[in-house]
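Here's the structure we're looking at; comments come further down.
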Amino acid sequence: MNGGGGSDDLIGGDGKDRLIGSAGNDTLRGGALDDWLDGGRHKDLLIGGPGSDLLTGGADADVFMFKRVTDGIDTISDWTPGEGDVIRVDASGFGGGLTAGALNANQLVLGTAATEAFGQFLFDAATGDLSWDEDGTGGGAAVVLAHLMNGGVPVATLSVSDFEIIA
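In this text, residue positions in the sequence shown follow my numbering: the first is 17, and each later residue adds one.
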């Protein structure tokens, strides 16, 4: 499905969908399976939803939204640190004490193991994997949310300013 010019809201169905925003500030929402979302030009909102989705924001700063920790492992193909792209997380689908607002510095670990006894995002610079560990140093395992890539190469850096937490 191609949105063409203008700002569009494209919603995938139950199959493996391909949504292309093209021009305009688009919202692309994947369906139940593994979808391919391409925002194209301008500032877009990409919501993969359930399944392992391929998300490409395209030119300009884009928002990649994660609603539930159980939605699958998405690949963001064009994450460029420091260029305004944002990882938006719906706190209600994550638990672990995550609340709306800015992400605290101790809620993001640059590494593969939690360091505190509360929910933390873990970022592995070697693989570009972003994970969520709901109980931190507790007995629960971290869940991979996304692979952050740029040009087929894992992204090596991520900061708290790259996150936006909503209720």
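C-beta atoms are modelled at their ideal positions from N, C-alpha and C, and glycine is treated no differently. Bear in mind the structure is a predicted one, so any value in this text is a computation, not a measurement.
Note: residue 117 is bridge-paired with 181 in the DSSP secondary-structure output.
Here residue 142 is exposed. Its C-beta has fewer than 16 other C-beta atoms within 10 Å.
Beyond the five residues adjoining it in sequence on each side, residue 119 comes within less than 7 Å, by CB distance, of 176, 179, 181 in the same chain, given in chain order.
For a cut-off of 8 Å, the C-beta gap from residue 162 to residue 89 is around 7 Å, short enough to register as a contact.
In the DSSP assignment, residue 27 is bridged to 45.
By the beta-carbon neighbour count (other beta carbons within 10 angstroms, threshold 16), residue 126 is exposed. Taking each of 58, 31, 135, 41 in turn and checking the Cα distance to residue 49, the smallest one comes out for 31.
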